[in-house]
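Chemist:
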Amino acid sequence: MTVDRHTSVTSEPLGRLLGYLVEFDDGHQLLHACEQMRDAGFTRWDAHTPFPVHGLNDAMGLRPSKLPWLVLGGGLTGLGLGLLLQWWMNAVDYPYLISGKPFFSLPANIPVIFELTILLSAFAAFFGMLLINGLPRFHHPVFNSARIHKVTDDRFFISVEAGDPRFDRDETRQFLTQLGGVGIEELIEEGGDA
Amino acid sequence: MAVPLFRRQFDSTEVVNTADDALARPELITGGKTFADVTNIVSRIAEAPSPPRIWWPLFLGSVALVGVLFSMIIYLVVTGIGVWGVNTPVSWGFAIVNFVFWVGIGHAGTLISAILFLFRQKWRTGINRFAEAMTIFAVMCAAIFPGIHVGRVWLVHYLFPLPNQMSLWPNFRSPLLWDVFAVGTYFTVSLLFWYMGMIPDLATFRDRARTRTRQIVYGLLAIGWRGSNRQWLHYEKAYLLLAALATPLVISVHSVVSFDFATSQLPGWHTSIFPPYFVAGAIFGGFAMVVTLAIPARELFGLKNIITLHHLENMNKIILATGMMVGYAYMMEFFTAWYSGNPAEGFAFVNRALGPYAWAYWIMIGCNVLAPQLFWFKRARTSIWAMLGVVMCVNVGMWFERFVIVVSSLSRDFLPSGWDYYTPTMVDILTFAGSFGLFFMLFLLFVRFAPLVAMAEVKSVMPQAHPHFDEHKPLGDYWGDAPGAHEEQERLARAEGGRS
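In the order they appear, the protein sequences are chains U and R. First residue of the first sequence? That's 0 in numbering that gives the first Met the number 0, and the numbers climb one at a time after it. First residue of the second sequence? That's 0 in numbering that gives the first Met the number 0, and the numbers climb one at a time after it.
#1: When the Cβ atoms of the segment 146-158 of chain R are set against those of the segment 115-128 of chain R, are three or more pairs found closer than 8 Å?
#2: Check whether the Cβ of U:Asn89 lies closer than 8 Å to any Cβ atom in chain R.
#3: R:Trp101: which of R:Ala261, R:Ala453, R:Gln372, R:Val182 sits nearest, CA to CA?
#4: Show which residues of chain R have a CB atom less than 9 Å away from the CB atom of U:Val181.
#5: Quick check on the burial criterion: 16 or more other C-beta atoms within 10 angstroms. Buried or exposed for U:Glu185?
#6: Under 7 Å Cβ-Cβ, which residues of chain R neighbour U:Phe23?
#7: Alpha carbon to alpha carbon, how far is R:Phe192 from R:Ala343?
#8: With U:Gly18 as the anchor, note down where its beta strand (DSSP E) starts and where it stops.
#9: At least one CB of chain R closer than 8 Å to the CB of U:Tyr93: is that the case?
#10: DSSP three-state call for U:Phe137: helix, strand or coil?
#11: On the criterion of 16 or more Cβ atoms from any shown chain inside 10 Å, does R:Ala293 qualify as buried, or is it exposed?
#12: Determine the chain U residues that contact R:Tyr276 at a beta-carbon separation under 9 Å, and present them in chain order.
#13: For U:Arg174, which residues in chain R fall below 9 Å Cβ to Cβ?
#14: Since U:Glu160 sits in a beta bridge, which residues does DSSP pair it with?
#15: Am I right that U:Ile112 and U:Leu82 are in contact with their C-beta atoms under 8 Å? What's the rounded C-beta distance?
#16: Tell me where the alpha helix (DSSP H) around U:Glu185 begins and ends.
#17: Cutting at 6 Å between CB atoms, please list the residues of its own chain near R:Val390, excluding the five before and the five after it.
#18: Using 8 Å as the Cβ pair cut-off and three pairs as the minimum, do the segment 301-308 of chain R and the segment 119-127 of chain R touch?
#19: Looking at the C-beta of R:Glu131, does it have a partner C-beta in chain U at a distance below 8 Å?
#20: Check the C-beta distance from R:Ser407 over to R:Gly267 and give it rounded, since I have them as a contact under 8 Å.
#21: Compile a chain-ordered list of the residues in the segment 102-132 of chain U whose CB is closer than 8 Å to at least one CB of chain R.
#22: Touch check for the segment 452-466 of chain R and the segment 135-145 of chain R: three-plus C-beta pairs under 8 Å?
#23: With 7 Å as the limit, tell me which residues of the segment 38-51 of chain U have their beta carbon closer than that to any beta carbon of chain R; keep them in chain order.
#24: Measure the beta-carbon distance from R:Ser254 to R:Phe277 and round it to whole angstroms, keeping in mind my assumption that it falls under 8 Å.
#25: I'd like the span of the alpha helix (DSSP H) that includes R:Ala352, first residue to last.
#26: What's the gap between the Cα of R:His471 and the Cα of U:Asn132?
#27: Using a beta-carbon distance below 8 Å, is U:Phe137 in contact with chain R?
#28: Candidates R:Ser263, R:Ile135, R:Ala221: which alpha carbon is nearest R:Asp200's?
#29: What in chain U is Cβ-close to R:Gly223, meaning under 7 Å?
#30: Which of the three DSSP states is assigned to R:Trp168 in this structure?
#31: Helix, strand or coil: which one does DSSP assign to U:Pro169?
#32: Which stretch, first to last residue, makes up the alpha helix (DSSP H) that contains R:Trp358?
#33: Would you identify the three-state DSSP class for R:Ala221, choosing helix, strand or coil?
#34: For R:His156, which three-state DSSP category applies?
#35: Mapping the DSSP letters down to three states, classify U:Asp45 as helix, strand or coil.
#36: Just to confirm my understanding: we take U:Phe23, look at its own chain, exclude 5 residues before and 5 after, and list those with CB closer than 6 Å. What are they?
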């Protein structure tokens, strides 16, 4: 443990404690710290990294994403929509004969069905990702940190929220300091001006 | 081995990482950079108070060309389609040639961002961002042309299945309508993919922002990204899925574009080789444009450690491979025309090579088939000037390919009494030149204000990114290696260690 330069130790906190943020030098230390966090049974905590770190999902005990199911749903919707759209428009609502072609024939309708399948799958992938991740979200306890901006550069963090059932102001802090990070910071709720 | 002089002729700061050692991993980021270096190199471009000096003349020149483009469009709309050189047999002139040309250019961006991602080609991370930007801008240029080509621009909404006063719907059995859906989907999906990939990098810009405006703009665009691994989990899944969706999409788009021709009965168009041939041509022409843009971009913005010679050489290899495919298609077209025994088909191809548009045909052959042959030589693949020469040839050649297909086939079809020669007018030429202005204007704005390189992705392929970097285990990372590769490498390393 190096010098605790980011710690804000105050006997009288300025505001409500929202959680802790521990900083790490590299992904290797972070990975091992995450394994300890997982094994200690924390639930409302997160790792913050500049890029996806290989193996971190297992170290955090995260289950695979359910997003593919949403995308499958989007794709099937697009497929059905493309089929119905062409059938109803060209064969039911206003049938007209072009070069003696049938009003509705699958081969001629495949390209549009395919494109709509892809389009709605892509919408499901993008917007589903935002939905599951709760984005956009411009306000979050970790943004109260003075150091978190380095996460988009080259630093690695673990955050624990005060709402975690296992959270205890002193015990959790004690636990976090032995994880091997280079600093720990209290996430304090900002005053009325925030 | 000493480094031959010729590979360094462009600049003494060029790092040669193009050794042909199949067992060694090439250095993707040269110069021993750290994560923070990558952030700094890329962010500095958008943070500099003023762009490189050459940026302003280029930008103003492009804006002027955009002015020309829109003046020509207004002139066309108020006067009529007669201002173009299109005539009775050649009703698809420059507009459709330019449309196919620009859509094709876009395809390399998707190939780099999606197909190379699925193939786990780690080197793509250096170039994928601006190649994707190129895709979007090229498709925007492309979309203009069919829009104005309809003649009555105020009725362009008839392209879409919208309820109208005649209760009439579009004809879904027409490949022209498939095109509307294919290009529309392609643009939308490319835009989503591009933006989603940029979110972590926009967050970097937000976190480094010094001014209020930058904080607000990049802050909004970054949608509150906090590098959370619970979010990375779904983000990476979405990225993989979008790549998997964009891959068949990009192949479908140029196939559908080729259907515009192939489903007609015109000799020279009515061929089943068109879809694969168009897709190969699109990738070929698109990669040439990526190299055309990459060379000045890495030079002007100091990105030589990120877009390295290795990247350029890889792209040149793809240009050679796809160029050979295109050359094969040119040959096969002739063979099929002869083998079919159809006199109209046979005439169409002899007419291409020896008829009134022979000059365009041989420009196409020279630029698309002969010029890339230089890339058989490593010396040419790794020399900046040689590759610049070849890719400029390809840019020209791929435009002429579409010109040859569209114009030579239309100008002389079945009945000689219906033949005519097509000559573009000044309006045609200025509109085409104007579309380059739009493309370069958007691209210059992009390199000035957006993350030109996918920083988060580049960091993830650096050796330090591996969690076990410190333990001196074999390197690898999420983006690159197949599952289990590390274990296998470790096992091999142990076995080797045991023997020695």
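Glycine included, C-beta positions come from ideal geometry on N, C-alpha and C.
Modeler: On the basis of the coordinates in this document:
#1: no
#2: Residue 89 of chain U sits at position 90 when you count from the first residue of the first sequence. It does: the Cβ of U:Asn89 has a partner Cβ on chain R nearer than 8 Å.
#3: As a first step, residue 101 of chain R must be located in the second sequence, where it is residue number 102. Closest by alpha carbon: R:Val182.
#4: Taking the first residue of the first sequence as 1, we reach residue 181 of chain U at position 182. None at all; the shortest Cβ gap to chain R is about 15 Å.
#5: Position 186 of the first sequence, counting from 1, holds the residue named residue 185 of chain U. Burial call: buried.
#6: Taking the first sequence and counting its residues from 1, one reaches residue 23 of chain U at position 24. The premise fails here: U:Phe23 is roughly 11 Å from chain R at the closest Cβ pair, so nothing lies under 7 Å.
#7: In the second sequence, counting from the first residue as 1, residue 192 of chain R sits at position 193. In the second sequence, counting from the first residue as 1, residue 343 of chain R sits at position 344. R:Phe192 and R:Ala343: Cα-Cα distance of roughly 45 Å.
#8: Residue mapping note: residue 18 of chain U aligns to position 19 of the first sequence, counting from 1. First-last of the beta strand (DSSP E) with U:Gly18: 16-23.
#9: Translated into positions along the first sequence, residue 93 of chain U becomes position 94. So yes, U:Tyr93 belongs to the interface.
#10: Within the first sequence, the letter at position 138 stands for residue 137 of chain U. Correct three-state label for U:Phe137: coil.
#11: One-based indexing of the second sequence puts residue 293 of chain R at position 294. Counting Cβ neighbours within 10 Å, R:Ala293 comes out buried, since at least 16 surround it.
#12: As a working mapping, residue 276 of chain R is identified with position 277 in the second sequence. Near R:Tyr276 there are no residues of chain U at all, since even the closest Cβ is about 18 Å away, more than 9 Å.
#13: By 1-based counting over the first sequence, the position of residue 174 of chain U is 175. Residue identity check: residue 174 of chain U is Phe in the sequence provided, not Arg. Ordered by position in chain R, no residue passes the 9 Å Cβ test against U:Phe174, which lies about 19 Å from the chain.
#14: The count along the first sequence starts at 1 and reaches residue 160 of chain U at position 161. Per DSSP, U:Gly18.
#15: Reading the first sequence from its first residue, position 113 is the one you call residue 112 of chain U. Reading the first sequence from its first residue, position 83 is the one you call residue 82 of chain U. Yes, U:Ile112 and U:Leu82 are in contact; Cβ-Cβ is about 6 Å, under 8 Å.
#16: The residue you call residue 185 of chain U lines up with position 186 of the first sequence. Unbroken run through U:Glu185 is the beta strand (DSSP E), 182-187; no alpha helix (DSSP H).
#17: For the purposes of this step, residue 390 of chain R is taken as residue 391 along the second sequence, with counting starting at 1. Only Ala287, Val290, Thr291 meet the Cβ criterion.
#18: yes
#19: One-based indexing of the second sequence puts residue 131 of chain R at position 132. So, not an interface residue.
#20: Locating residue 407 of chain R in the second sequence gives position 408, where the first residue counts as 1. Locating residue 267 of chain R in the second sequence gives position 268, where the first residue counts as 1. Sure, about 7 Å apart at Cβ, within 8 Å.
#21: Ser104, Ala107, Asn108, Pro110, Val111, Phe113, Glu114, Leu115, Ile117, Leu118, Ser120, Ala121, Phe122, Ala124, Phe125, Gly127, Met128, Leu129, Ile131, Asn132
#22: no
#23: Asp45, Ala46, His47, Thr48, Pro49, Phe50, Pro51
#24: Position 255 of the second sequence, counting from 1, holds the residue named residue 254 of chain R. Position 278 of the second sequence, counting from 1, holds the residue named residue 277 of chain R. At roughly 7 Å, the Cβ-Cβ gap stays under 8 Å, so R:Ser254 and R:Phe277 are in contact.
#25: In the second sequence, residue 352 of chain R corresponds to position 353, counting from 1. Taken as a continuous stretch (DSSP letters only), the alpha helix (DSSP H) holding R:Ala352 covers 342-353.
#26: Stepping through the second sequence from its first residue, residue 471 of chain R is reached at position 472. Stepping through the first sequence from its first residue, residue 132 of chain U is reached at position 133. At R:His471 the pLDDT is 44, less than 50, meaning the model places this residue with poor confidence and gives no usable figure here.
#27: Stepping through the first sequence from its first residue, residue 137 of chain U is reached at position 138. At least one chain R Cβ lies under 8 Å of U:Phe137.
#28: In the second sequence, residue 200 of chain R corresponds to position 201, counting from 1. Comparing Cα-Cα distances from R:Asp200 to each of R:Ser263, R:Ile135, R:Ala221, the minimum goes to R:Ala221.
#29: Locating residue 223 of chain R in the second sequence gives position 224, where the first residue counts as 1. Those within 7 Å of R:Gly223 in chain U are Leu134, Pro135, Arg136, Phe137, His139.
#30: The residue labelled residue 168 of chain R in the question sits at position 169 within the second sequence. In this structure, R:Trp168 counts as coil in the three-state DSSP scheme.
#31: By one-based count along the first sequence, residue 169 of chain U stands at place 170. Just to set this straight, residue 169 of chain U is Asp in the shown sequence, not Pro. Note: U:Asp169 maps to helix in three-state DSSP.
#32: Here residue 358 of chain R is taken as the residue at index 359 of the second sequence, counted from 1. Note, R:Trp358: alpha helix (DSSP H), 357-364.
#33: Along the second sequence, read from residue 1 onward, the residue named residue 221 of chain R stands at position 222. Coil.
#34: On the second sequence, position 157 is the one that residue 156 of chain R refers to. In the structure shown, R:His156 sits in a helix (DSSP, three-state: H, G or I).
#35: Along the first sequence, read from residue 1 onward, the residue named residue 45 of chain U stands at position 46. Here U:Asp45 sits in strand by DSSP.
#36: Against the first sequence, residue 23 of chain U aligns to sequence position 24. Correct list, in chain order: Leu29, Phe155, Gly180.
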